[in-house]
Amino acid sequence: MRVRLEHPVNAEVDAEGRLSLTMPGAGASFLFEAEHTGMWIALRRHDGRVDEASAALARRWNTDPHVVREDLGRWVSHLCALGLAHLD
Numbered sequence: 011m012r013v014r015l016e017h018p019v020n021a022e023v024d025a026e027g028r029l030s031l032t033m034p035g036a037g038a039s040f041l042f043e044a045e046h047t048g049m050w051i052a053l054r055r056h057d058g059r060v061d062e063a064s065a066a067l068a069r070r071w072n073t074d075p076h077v078v079r080e081d082l083g084r085w086v087s088h089l090c091a092l093g094l095a096h097l098d
């Protein structure tokens, strides 16, 4: 499964590690918790491949890959519900 952006977005990280995604054309912006910043980076590094991104995060965070996959899957579903992304 691969997640793709629906529209171009600008991504910024604040001093507390929170992720801000802004859609320039629509003027919409979304703020996510710091753990989502790592998920965002992993998804970008793995070309949106959810399984590869979650495996990399599980190794980095030294935690159960199944738990990370579930958490990442929930966040990806949230991105899709917001209209930021879709699944291929």
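Just so you know, this note's numbering puts 74 at position 64 of the sequence shown, and the rest follows in order with no gaps.
Note that beta-carbon positions come from the ideal geometry of N, C-alpha and C, so glycine has one too.
The model shown is predicted, which means the values in this text are computed figures rather than measured ones.
- For T47, the number of other beta carbons within 10 angstroms of its own is at least 16, and it is reported as buried.
- The continuous alpha helix (DSSP H) containing R84 extends over residues P75 to A91.
- Along the region 38–69, the alpha helix (DSSP H) occurs as fully enclosed runs of 4 or more residues at 44–55, listed in sequence order.
- By the neighbour-count definition (other C-beta atoms within 10 Å, threshold 16), W71 is an exposed residue.
- The Cβ atoms of E16 and H76 do not sit closer than 7 Å to each other.
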